[in-house]
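Quick note on numbering: the sequence shown equals residues 99 to 308 in our numbering.
By construction, the Cβ of each residue, glycine as well, lies at the ideal position given by its N, Cα and C atoms.
Being a predicted model, the structure only gives us computed values, none of them experimental.
Written out below as structure tokens is the structure these notes cover.
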Amino acid sequence: MASLLPDDTIDQYEWIGYLGTKLWATLQMDTQYHVIPGRQPPAYARGIETPDALKDPYRALRFYLQFRSGNRGCDGPGCGKTVHDKTTPGGFPRCSTCRAAQYCSRVCQDADWRRGAVPHKAVCRILRDLFAFVSPADIFNPAKFQAACAEHAFPLAHVDKLISWATEGKCAPNYASGVEQPLDVHWFVMEEAVALDRPPPEPTSRRQAR
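Printed below as a string of structure tokens:
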């Protein structure tokens, strides 16, 4: 296996982290494997929610929003532009109301307002209301995010809509029904978040050569 690792030390760390994260997530999604109570998962896997944690709607929402926050591309339907396509430094301008969506142009912003899997018009005010009591940093703190949502009784119907928005309609849970959601609802985001359906990181030397 060592012969398969890149020569560069940093690239080796990326590959090992990729492999470890993939293995951990795969084991957690298999019901025959369980974390020993009281034992912390390895450091590289502590940002991964287990299926049991995702039974809680607020924990699930936090996880999906964290997944969405990794997107640095334009949110315009079918645009595909990333910040690397910009000729000026910094990210794309954000929606002035919710600050959660970003666009390369006004054309893309107008299109996303009305179209897309979940039009921005349907979630803009919901996102604004959420971020009135949850800070961007709380998205990376499961316990704090969950507690804040519970304290403000954030509607579960809003949770469902935001999760659908965060995954461009690919995940459509129904926490508002009060029924425990089946595990397969979360397969898409679990796989995407840990890159289970993508190849390992490309070596730095190859990226720099482009």
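Asked                                                                                                                           : Found
Thr180 - partner residues in DSSP beta bridges                                                                                  : Gly171
For Ser203, the first and last residue of its enclosing alpha helix (DSSP H)                                                    : Careful: Ser203 lies outside any alpha helix (DSSP H) and carries neither H nor E.
Touching by the beta-carbon criterion (3+ pairs, under 8 angstroms), the segment 202 to 215 and the segment 223 to 232          : no
Closest Cα partner of Ala220 within the set Asn239, His256 and Phe243                                                           : His256
Local conformation of Arg197 per DSSP, three classes                                                                            : coil
Residues of its chain near Thr129, where Cβ-Cβ distance is below 7 angstroms and the 5 sequence neighbours each way are ignored : With a pLDDT of 48 at Thr129, under the threshold of 50, the predicted position of this residue should be treated as unreliable, though the coordinate-derived value follows. Once the five neighbours on either side are set aside, Thr129 has no close Cβ partner at all.
Closest Cα partner of Ala251 within the set Ala198, Thr265 and Val232                                                           : Val232
Local Cβ density within 10 Å of Gln155, reported as buried at 16 or more and exposed below that                                 : The sequence as given places Pro at residue 155; Gln does not occur at that position. Pro155 should be labelled buried.
Own chain partners of Gly214 with C-beta closer than 6 angstroms, once the 5 adjacent residues on each side are dropped         : Pro175
C-beta contact flag for Gln244 and Arg157 at 8 angstroms                                                                        : yes
Alpha helix (DSSP H) segment containing Gln244, residue limits                                                                  : Pro240 to Glu249
Inter-residue Cα distance where the pair is Asp183 and Ser203                                                                   : 12 angstroms
CA-to-CA distance, Asp173 to Leu260, given in whole angstroms                                                                   : 15 angstroms
Exposed unless 16 or more other CB atoms sit within 10 angstroms - verdict on Arg160                                            : buried
Close beta carbons around Pro166, own chain, < 6 angstroms, minus the five adjacent residues each side                          : Note that residue 166 corresponds to Arg in the displayed sequence, not to Pro. So the qualifying residues of the chain are Ala264.
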